[in-house]
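First up is the structure itself, then whatever we jot down about it.
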Amino acid sequence: MDALRRRNPFKYSSEPSESHDTYILDEQEQSELIDNIKSLNAASNNQNRIALQITLALSFLLHIIYISSDYNSPLVVIFPPAGRPESPLYLSPVLTLLAIILHANAALLARSRDLVLAKRRITPLPYSVAFGLSTVSPAISVLSGKMWQTTAWWCTAAFLTWIVRASNKWIVQEQQSISELERMKYISAGA
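In terms of full-length UniProt numbering, the sequence shown has 140 at position 140, counting the first letter as 1, and numbering is strictly consecutive.
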């Protein structure tokens with residue numbers, strides 16, 4: 001009978017409760033936690049950069065195959081057109097070389113370190129210039145009235161440049177978050 005009539009007093013949320021005890025990290029535990037987050041972030045960034053490099057290499061290889069073929073979009077093989085096959089895009093060899101250069105630029109942008117050849121640092125084009133150059137081919141394709149498969153093929157350089165830019169932006173944001181976490185470290189004497 002006593003258990004049924006037990007009184008449970010009201011507690012404000014600011015009052016510490018027994019079930020929600022907070023654990024305070026000391027300085028060493030904070031440093032270990034931040035170092036662990038840094039190492040996980042570095043491993044993740046390394047894996048992302050490798051995946052980007054592989055994607056860029058495969059697309060680069062497709063463009064090399066394209067330049068040595070009959071200049072038909074590889075997407076036509078996957079998604080055959082309903083009508084007659086169309087002629088290749090005007091200036092296809094030149095536009096393919098531009099796409100290859102943009103792929104190489106995107107590979108430089110995806111690297112974590114600068115590339116040095118013959119004691120000279122290779123500086124990639126800024127994103128704005130790369131995006132501007134990568135819109136030339138799709139614009140020519142749209143203005144020429146080509147099929148969507150051809151236009152989509154010519155958008156690959158712009159798409160990959162955007163992916164590299166987005167991933168580099170995420171990497172920078174993660175590094176800023178970690179440095180902000182380091183600034184939030186507190187001193188817990190006696191914890």
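We put the beta carbon where it would ideally sit given N, CA and C, even for glycine.
Nothing here was measured: the structure is a model prediction, and the numbers come from that model.
Residue 84 sits in coil when the DSSP states are folded into three classes, being neither helix nor strand. Taking C-alpha positions only, residue 47 is separated from residue 34 by approximately 20 Å. The beta carbon of residue 142 sits closer than 8 Å to those of 151, all from its chain and outside the five residues before and after it, given in chain order.
Inside the segment 20 to 91, DSSP marks whole alpha helix (DSSP H) runs of 4 or more residues at positions 27 to 67 and 74 to 78, from first to last along the chain.
Under the three-state reduction of DSSP output, residue 98 falls in the helix class.
Within the same chain, 45 come within 7 Å of residue 171 by CB-CB distance, once the 5 residues on both sides are set aside.
Residue 117 is bridged by DSSP to 120. Rounded to whole angstroms, the separation of the alpha carbons of residue 161 and residue 175 is 21 Å. The residues 102, 157, 158 and 161, in chain order, have a CB closer than 7 Å to that of residue 134 in the same chain once the five nearest residues on each side in sequence are set aside. When C-alpha distances from residue 62 are compared across 37, 74 and 155, the shortest belongs to 74.
In this structure, 92 is the residue among 92, 116 and 167 with its C-alpha nearest to the C-alpha of residue 146.
Fully contained in the segment 118 to 183 are the following beta strand (DSSP E) runs of length 3 or more, in chain order: 120 to 122. A distance below 8 Å between beta-carbons, with the five flanking residues on each side excluded, links residue 110 to the following residues of its chain, in chain order: 49, 52, 53, 56, 164, 167 and 168. With a threshold of 16 other beta carbon atoms within 10 Å, residue 90 falls short and is exposed. Taking residue 42 as reference, the option from 173, 130, 67 and 108 with the minimal CA-CA separation is 173.
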